[in-house]
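Below is one structure, written out as structure tokens; comments come after it.
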Amino acid sequence: MKLPVLNSPYSQINNLLYKSYLPQIINSAVEAGLFDVLSGKSLSLRDVAKELNTDEQITGALLRILVAIDFMKEQDGRYSLTVLAEEYLVSNSLVNQLEAVKMFSEGSSPFDGLKQALKGDIKRFSGRMWVSEKAVLAMERSAKAGEIQAAVSFIKSMPDFHGAAKMCDFAGGTGYYSFAFLHENRNLHSHVYDLPEVCSLAKELKCREENFDRIAYHDFSGLEIGSFGNDYDVFFISRFLYECRDETVLRTFLKEVNRCMKTGGVFISSHIASCSNKECGLTIAMVELMTRAKGYPVYKLSVNTLKDVLGETGFGEITIQQPNENIAFPVQLLAARKTKDAE
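Letter by letter, the sequence shown follows residues 1 to 343 in the numbering used here.
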């Protein structure tokens with residue numbers, strides 16, 4: 001038998017395929033209580049298996065995988081969590097991402113319909129997927145894993161922020177960005193606009209949170225004139241401009257944003273952007289494919305397009321913070337000052 005000459009390493013494919021099993025492995029560790037058992041302590045393999053009432057040999061094999069992916073540390077035969085696992089995989093952590101882990105390891109895949117979508121059979125996307133309590137809380141926890149912190153740092157760098165009195169948090173969900181901004185500016189009041197069902201959930205879920213009395217929730221019904229208030233010092237928007245899929249819609253929206261702001265007020269957008277890191281770039285490309293196949297045409301926004309349309313609609317003095325690739329989805333923060341009324 002004459003063997004073929006190999007010109008590339010199959011290990012690249014093989015390793016990638018095996019990595020695809022990691023979400024199931026991690027979720028099994030979560031459901032077994034492994035991360036909670038090791039939270040804040042160091043245990044031997046025998047003690048871990050005893051605490052979990054699991055098979056020692058299989059538990060050891062699992063622990064070795066978690067060490068290999070930097071979720072665990074092993075020293076002198078004792079295992080402990082890395083900061084990464086302690087922060088995001090322990091159930092009582094305020095920023096745990098256990099719902100995300102579960103989503104990637106159970107049920108149907110968002111790519112199940114990819115073959116049909118490639119042939120043009122694309123399902124109609126429904127924004128109703130975001131109106132359940134589970135969905136809004138999952139979005140909040142996801143944002144707390146870096147995106148909110150980045151936005152707070154950015155907005156605090158704006159000289160006028162600490163003197164601002166009124167802001168709009170457009171498509172703001174439960175108002176999680178607003179609560180973070182209000183903590184930094186004690187004179188600020190926020191107006192959150194979102195779907196009626198989301199606003200109703202927000203009032204139930206956030207009514208006991210500090211500064212709830214400084215937030216007003218408004219049902220959003222469409223882009224008619226006056227549809228989202230007026231006299232704002234700050235207009236903040238996160239992950240909504242993707243809805244403005246072409247420049248005409250984006251221009252119409254930003255004209256209305258201009259109308260409702262004070263001259264000199266600051267518009268701030270937080271949106272997913274391209275990134276230079278290869279691994280991060282792959283994630284963004286997969287998100288793009290996933291959302292397009294589900295009928296949501298785009299999930300990132302060209303900063304040049306946004307800058308051009310802002311300039312056409314009365315905004316200037318644009319400040320941009322490049323994406324932080326340590327955040328799950330690298331977000332680009334952009335601030336623009338209203339310099340004149342839109343024509």
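Ideal Cβ positions, reconstructed from N, Cα and C, are used throughout, including at glycine. Small disclaimer: the values here were computed from a predicted structure and weren't measured.
Please name the residue or residues paired with residue i in a DSSP beta bridge.
i              : result
valine 331     : Ile272
serine 80      : Lys73
serine 432     : The requested residue 432 is not part of the displayed model; the chain covers only 1 to 343.
methionine 167 : Ser190 and Val234
arginine 337   : Val266 and Gly316
isoleucine 25  : Its beta-bridge partners do not exist; DSSP assigns none.
isoleucine 215 : Ser190
Of the residues the options, which one's Cα is nearest the Cα of residue i?
i              : options                           : result
glutamate 343  : Lys294, Arg78, Val257 and Glu51   : Val257
glutamate 247  : Ser238, His191, Asp308 and Ala273 : Asp308
proline 23     : Leu66, Asp55 and Lys166           : Leu66
alanine 145    : Glu133, Ala165, Ala164 and Glu99  : Glu99
aspartate 231  : Leu201, Arg251, His191 and Ser200 : His191
glutamate 51   : Leu310, Leu38, Pro4 and Arg337    : Leu38
serine 108     : Met290, Leu201, Ser269 and Ala143 : Met290
serine 42      : Gln75, Ile284, Asn211 and Phe228  : Gln75
serine 270     : Ser238, Arg46, Ala293 and Val136  : Ser238
lysine 166     : Glu204, Pro159, Ile215 and Glu209 : Ile215
methionine 261 : Ser276, Ala164 and His218         : Ala164
leucine 254    : Ala285, Lys294, Val83 and Leu306  : Leu306
isoleucine 58  : Thr82, Ile25 and Val266           : Ile25
valine 319     : Phe212, Phe71 and Leu310          : According to the sequence provided, residue 319 is threonine. The question's valine does not apply to it. Closest option to threonine 319, Cα to Cα, is Leu310.
methionine 344 : Phe111, Ala32 and Ser142          : Missing from the structure shown is residue 344; the chain here goes from 1 to 343 and no further.
asparagine 27  : Gln12, Tyr88, Cys207 and Val48    : Tyr88
serine 345     : Glu317, Pro330 and Val249         : Beyond the ends of the chain as shown, which are 1 and 343, falls residue 345; an answer cannot be given.
lysine 345     : Ile284, Ala151 and Glu133         : Lying before the first or after the last residue shown, residue 345 is absent from the chain, which here runs from 1 to 343.
leucine 201    : Glu210, Tyr10 and Tyr176          : Tyr176
valine 95      : Lys278, Met139 and Glu325         : Met139
isoleucine 69  : Lys19, Ile13 and Leu3             : Lys19
Go ahead and pull the three-state DSSP assignment for residue i.
i                 : result
aspartate 194     : strand
phenylalanine 220 : coil
isoleucine 225    : Any answer about isoleucine 225 is weak, because its pLDDT of 49 lies below 50 and its placement is not dependable; what the coordinates show is given next. DSSP places isoleucine 225 in coil when its eight states are reduced to three.
glutamate 147     : helix
glycine 264       : strand
glutamine 97      : coil
glutamine 322     : coil
tyrosine 18       : helix
glutamate 210     : coil
aspartate 36      : helix
arginine 239      : coil
proline 4         : coil
serine 142        : helix
phenylalanine 111 : coil
aspartate 308     : helix
tyrosine 10       : coil
methionine 158    : coil
asparagine 92     : coil
leucine 301       : coil
glycine 281       : helix
valine 131        : coil
alanine 342       : coil
lysine 294        : coil
glutamate 256     : helix
glutamate 87      : helix
threonine 59      : helix
glutamate 106     : coil
threonine 248     : helix
My understanding is that residue i touches residue j, with C-beta atoms under 8 Å, so please give their C-beta distance in whole angstroms.
i                 : j                 : result
isoleucine 148    : alanine 180       : 5 Å
glutamine 321     : valine 303        : So it is not a contact: roughly 11 Å between Cβ atoms.
phenylalanine 161 : valine 234        : 7 Å
valine 90         : phenylalanine 170 : In fact, because the Cβ distance is near 33 Å, the residues do not count as touching under 8 Å.
phenylalanine 367 : leucine 195       : Shown here, the chain extends from 1 to 343; a query on residue 367 therefore has no answer.
arginine 337      : glycine 281       : In fact, because the Cβ distance is near 31 Å, the residues do not count as touching under 8 Å.
phenylalanine 236 : cysteine 168      : 7 Å
valine 198        : valine 131        : 6 Å
alanine 29        : leucine 81        : That belief does not hold up - the Cβ atoms of alanine 29 and leucine 81 are roughly 11 Å apart, past 8 Å.
methionine 72     : alanine 85        : 7 Å
alanine 151       : isoleucine 327    : About 10 Å separates the two Cβ atoms, so there is no contact after all.
Validate contact between the stretch 145-158 and the stretch 178-193 using beta carbons, cut 8 Å, 3 pairs: Taking a cut-off of 8 Å on C-beta distances, the stretch 145-158 touches the stretch 178-193, as three or more cross pairs fall below it.
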